[in-house]
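Protein chains: 2
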Amino acid sequence: MEVHVDRDAFLKGLQMVHNVVEPRQTLPILANVLLESDGDTLRLTATDLEVGARVSVPAKVPAGGSITMSARKLLEIVKELPAAGLSLKVQDNAWVALRCGGASYKLVGLGAADFPAVSSGEAAAWITLDGKLLRDMLAQTTFAISHDESRYALNGVLFAVQEREIRLVATDGHRLALAVRPLAGAGGQVSGIVPRKAVQEIARVVGTGEDVQVAISENQFILRMPNVLLLARLIEGAFPNYEQVVPKAHPHRVTVGRAAVMAALRRVSVLSEERTKPVKFTLSPGLLKLTAYSPDFGEAEEQIEVQYSGEEMTIGFNSRYVLDALGAQSAEQIVMELKDGLSPGVIKSFEEEGSLCVIMPMRI
Amino acid sequence: MEVHVDRDAFLKGLQMVHNVVEPRQTLPILANVLLESDGDTLRLTATDLEVGARVSVPAKVPAGGSITMSARKLLEIVKELPAAGLSLKVQDNAWVALRCGGASYKLVGLGAADFPAVSSGEAAAWITLDGKLLRDMLAQTTFAISHDESRYALNGVLFAVQEREIRLVATDGHRLALAVRPLAGAGGQVSGIVPRKAVQEIARVVGTGEDVQVAISENQFILRMPNVLLLARLIEGAFPNYEQVVPKAHPHRVTVGRAAVMAALRRVSVLSEERTKPVKFTLSPGLLKLTAYSPDFGEAEEQIEVQYSGEEMTIGFNSRYVLDALGAQSAEQIVMELKDGLSPGVIKSFEEEGSLCVIMPMRI
Chain W
1 MEVHVDRDAF LKGLQMVHNV VEPRQTLPIL ANVLLESDGD TLRLTATDLE VGARVSVPAK
61 VPAGGSITMS ARKLLEIVKE LPAAGLSLKV QDNAWVALRC GGASYKLVGL GAADFPAVSS
121 GEAAAWITLD GKLLRDMLAQ TTFAISHDES RYALNGVLFA VQEREIRLVA TDGHRLALAV
181 RPLAGAGGQV SGIVPRKAVQ EIARVVGTGE DVQVAISENQ FILRMPNVLL LARLIEGAFP
241 NYEQVVPKAH PHRVTVGRAA VMAALRRVSV LSEERTKPVK FTLSPGLLKL TAYSPDFGEA
301 EEQIEVQYSG EEMTIGFNSR YVLDALGAQS AEQIVMELKD GLSPGVIKSF EEEGSLCVIM
361 PMRI
Chain U
365 MEVHVDRDAF LKGLQMVHNV VEPRQTLPIL ANVLLESDGD TLRLTATDLE VGARVSVPAK
425 VPAGGSITMS ARKLLEIVKE LPAAGLSLKV QDNAWVALRC GGASYKLVGL GAADFPAVSS
485 GEAAAWITLD GKLLRDMLAQ TTFAISHDES RYALNGVLFA VQEREIRLVA TDGHRLALAV
545 RPLAGAGGQV SGIVPRKAVQ EIARVVGTGE DVQVAISENQ FILRMPNVLL LARLIEGAFP
605 NYEQVVPKAH PHRVTVGRAA VMAALRRVSV LSEERTKPVK FTLSPGLLKL TAYSPDFGEA
665 EEQIEVQYSG EEMTIGFNSR YVLDALGAQS AEQIVMELKD GLSPGVIKSF EEEGSLCVIM
725 PMRI
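First to last, the sequence lines map onto chains W and U.
Per the numbering used here, the first sequence starts with residue 1, numbered consecutively.
Per the numbering used here, the second sequence starts with residue 365, numbered consecutively.
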């Protein structure tokens, strides 16, 4: 194999695939990135056997072929190279000569034959999504993914397509985040739980805002863009019935400025206990009072003017969960829907932008 | 005590003193900051019994007095407060009421009587230094402070005043960094080893570039600025004879662009062993070749044009030490002075800006 590639394009490709490589692998070759070249393309592939990523970079290819190399070392090297043409040439015993500017490397390679097969990403049905839309939906849900490894089905985001609508849902049992958007065309009826690692990779690659195509098969999630392919094995297991979790008709509705309540929550929660960060919300007509208490350091109180005309009520929340939910919204005015001190609260934007977060209350 | 103070000024004061507070203390009150007010000033003091810091902030003082409070919690709170007037009022049982904007806190305080005495910073003789000059000298030396706690005398920077000159020196036995500047007036003949923590605090407070006054007594270092006082107990012990360490007449002199050699070193050292990062320097007329080798990943080579007319020679260095020394210079052209592959090398700027670094070679 011999290829000539632009250093910046190669670096961008490496950065896109290298996160898939696990720092500790069972198979040594999984530490490597697979480089394949033919025609006018250099393809970079990485996999951990659960999640795979493939990026194509334009290249001049005097000699097609393939090789694998340490993904981490290659990235470290290419990061430091000057912005210029870069050449790779496979030599005897899988040595790879890399040249760029005044730098020349002779790197240890490993034959491509032992690299695990990564699917070429064929699927029967594709859904087309705006990249920015998908990124927003992920930002509105991923924070609620469970970190409890014993609740495996919650360690990802549910992608659920229902005809002309796509829904993303994540929950850790304490809060549930839901994002809903209409689809341009019919999408059929498919769903799957995409693992956290793949979700993070998706969020990274859709940053450019290009259109993306998504397919969900029985056990695989595929995302493709013109030069990028992401594959993930779906999490097996039953996702909770999220529609049952979302309260339909809470009687109390509070409207409040998002920035003001976030700032006040941050201030008050400095004095709440570190692990669960409890803050008490006390509502009375026109006023929200936030309070927190620490036996070691003292107590904090903050009053915020809100739009509220219901009865007086008190409810406690983990302030981190409320800050996460508010941070995932972008509207200036947000709405909290409450029933009583023991029922979950709902946070969404005043203008109904297709996402909400349900948060379980805490006894305070 | 009751004081009214500007939130931004109070925050800046807290940020200046809070680093002195150790996360884990033997005495609980050392976790606190001492607040003292009288006249039109609020004084903030923190100490770990080795290093002390005191900052004065303009304030309205309806009632003078003093109190101590958790430095960490107070900083966390004040960070989140809006930019506005802030009031502190000591109440019964050392409770402190803090109000700012819509936020009100009732914080646990501890009487000032138990706070350790921090000297008011009197000294017989002061040396006046430009703040920026002191900051530069620290940047040119602190990187070489030893982290080996068994070599206590090397855990700081030697400040040595010799009449009309001030020298700062740090060494860890593998490299030695020296910065020298002329003094405006006579400074006498004093010296002392200032511990790393105090050095870091000095670097923080002299950032503004104001003039500073420095005094070194038998066992104490004092730095004062109009509203800031820093005190540090000097490290006892003998500092190595640094003048003996600096080679006087190395025959080989290499002149090279600082940015170019730093970039090349970073690239090549990706393939050198992680712990001591060895890189081989091979000199021939007009050319510097840098090489590194990793049994697992391969080898790297880079050639740089240099001004050199001496004989061919080879020397190995820990590339981190060379990068530290080059990073501490600001000139575009730097000079390496070498004797042979077994003698220490000297790195300094081409224009002789009053600092240099001596680095021990490695066998490669």
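Positions of the beta carbon are idealized from the N, C-alpha and C atoms, including for glycine.
Test item: CB-CB of A112/W and P82/W under 9 Å: No, the Cβ-Cβ distance between A112/W and P82/W is not below 9 Å.
Whether G551/U touches V525/U by CB criterion (9 Å): If you check the CB distance, G551/U and V525/U come in under 9 Å.
Nearest candidate by alpha-carbon position, reference L474/U, set L399/U, V415/U, V544/U, D704/U: Ranking L399/U, V415/U, V544/U, D704/U by Cα distance to L474/U puts L399/U first.
Neighbour flag for S434/U against chain W, beta carbons, 9 Å: True, the Cβ-Cβ gap to chain W drops below 9 Å.
Beta-ladder partner(s) of W459/U, from DSSP: The partner list for W459/U (beta bridge, DSSP) reads V472/U.
Residues that E665/U contacts on chain W, provided the C-beta gap is smaller than 7 Å: Correct list: S104.
Any chain U beta carbon closer than 9 Å to A296/W: Inspection of the sequence shows that residue 296/W is occupied by Asp rather than by Ala. It does: the Cβ of D296/W has a partner Cβ on chain U nearer than 9 Å.
Element boundaries [beta strand (DSSP E), containing E165/W]: 165 to 171 is the span of the beta strand (DSSP E), which, as asked, contains E165/W.
Runs of beta strand (DSSP E) lying entirely within the segment 271 to 312 of chain W, each at least 3 residues, in chain order: Segments of the beta strand (DSSP E) lying fully in the segment 271 to 312 of chain W: 278 to 284, 287 to 294, 298 to 305.
A239/W - DSSP class collapsed to helix/strand/coil: The sequence as given places Phe at residue 239/W; Ala does not occur at that position. The answer is coil: DSSP assigns F239/W none of H, G, I, E or B.
Under 7 Å from the C-beta of R266/W: neighbouring residues of chain U: In chain order: E444.
Simplified DSSP assignment, three categories, for H614/U: H614/U falls in the coil class under three-state DSSP.
For I491/U, the three-state DSSP class (helix, strand or coil): In the structure shown, I491/U sits in a strand (DSSP, three-state: E or B).
Cross-chain neighbours of I668/U in chain W, by beta carbon under 7 Å: Per Cβ cutoff of 7 Å: G102.
Nearest residue (CA-CA) to A31/W, options L42/W, L14/W, S37/W, G39/W: The shortest Cα separation from A31/W among L42/W, L14/W, S37/W, G39/W belongs to L14/W.
Residue-chain proximity (E76/W, chain U), Cβ-Cβ < 9 Å: It does; some Cβ of chain U falls within 9 Å.
D500/U - DSSP class collapsed to helix/strand/coil: In the structure shown, D500/U sits in a helix (DSSP, three-state: H, G or I).
Short Cβ contact (9 Å threshold) for Y516/U with G650/U: Contact flag unset, no.
Contact list for W437/U against chain W, beta-carbon separation under 9 Å: According to the sequence provided, residue 437/U is Lys. The question's Trp does not apply to it. When 9 Å is used as the limit between beta carbons, K437/U is near these residues of chain W: V270, L271, S294, D296, F297, G298, in chain order.
At least 3 beta-carbon pairs within less than 8 Å: the segment 62 to 71 of chain W vs the segment 241 to 256 of chain W: These segments do not touch.
Extent of the continuous alpha helix (DSSP H) to which Q162/W belongs: Here Q162/W belongs to no alpha helix (DSSP H); instead the beta strand (DSSP E) covers 156 to 162.
Whole-angstrom distance between G662/U and F95/W, CA atom to CA atom: Per the sequence shown, the amino acid found at residue 95/W is Trp instead of Phe. One alpha carbon belongs to W95/W, the other to G662/U, and they sit about 8 Å apart.
Three-state secondary structure assigned by DSSP to H511/U: H511/U falls in the coil class under three-state DSSP.
Collapsed DSSP secondary structure at D40/W in the structure displayed: Of the three classes helix, strand and coil, the one that applies to D40/W here is coil, per DSSP.
The beta strand (DSSP E) enclosing S66/W, as first and last residue numbers: For S66/W, the uninterrupted beta strand (DSSP E) run begins and ends at 65 to 70, by DSSP.
Pairwise C-alpha distance: I202/W and G131/W: Rounded to the nearest angstrom, the two C-alpha atoms are 10 Å apart.
Those runs of the beta strand (DSSP E) which lie wholly inside the segment 189 to 228 of chain W and span at least 3 residues: As far as the segment 189 to 228 of chain W is concerned, its whole beta strand (DSSP E) runs of at least 3 residues are 189 to 195, 211 to 216, 220 to 225.
Beta-carbon proximity list for P344/W, same chain, < 8 Å, skipping 5 on both sides: Taken in chain order, the residues that qualify are V245, P247, V358, I359, M360, P361.
Three-state secondary structure (DSSP) of I77/W: Note: I77/W maps to helix in three-state DSSP.
Reference T282/W, options P58/W, E312/W, Y242/W, closest by Cα: Measuring from the Cα of T282/W, the nearest candidate turns out to be E312/W.
Assigned exposure category for D500/U - 16 Cβ within 10 Å defines buried: Buried: at least 16 other Cβ atoms inside 10 Å.
Among T142/W, L178/W, L129/W, nearest to A184/W - alpha-carbon criterion: Ranking the options by Cα distance to A184/W, first place goes to L129/W.
CB contact check: A476/U to chain W, cutoff 9 Å: Not closer than 9 Å to any Cβ of chain W, the Cβ of A476/U fails to qualify, so no.
Within chain W, the residues that L471/U reaches when beta carbons sit closer than 7 Å: Correct list: F297, G298.
For R24/W, the first and last residue of its enclosing alpha helix (DSSP H): Looking at the DSSP string, R24/W is not in any alpha helix (DSSP H), and its letter there is neither H nor E.
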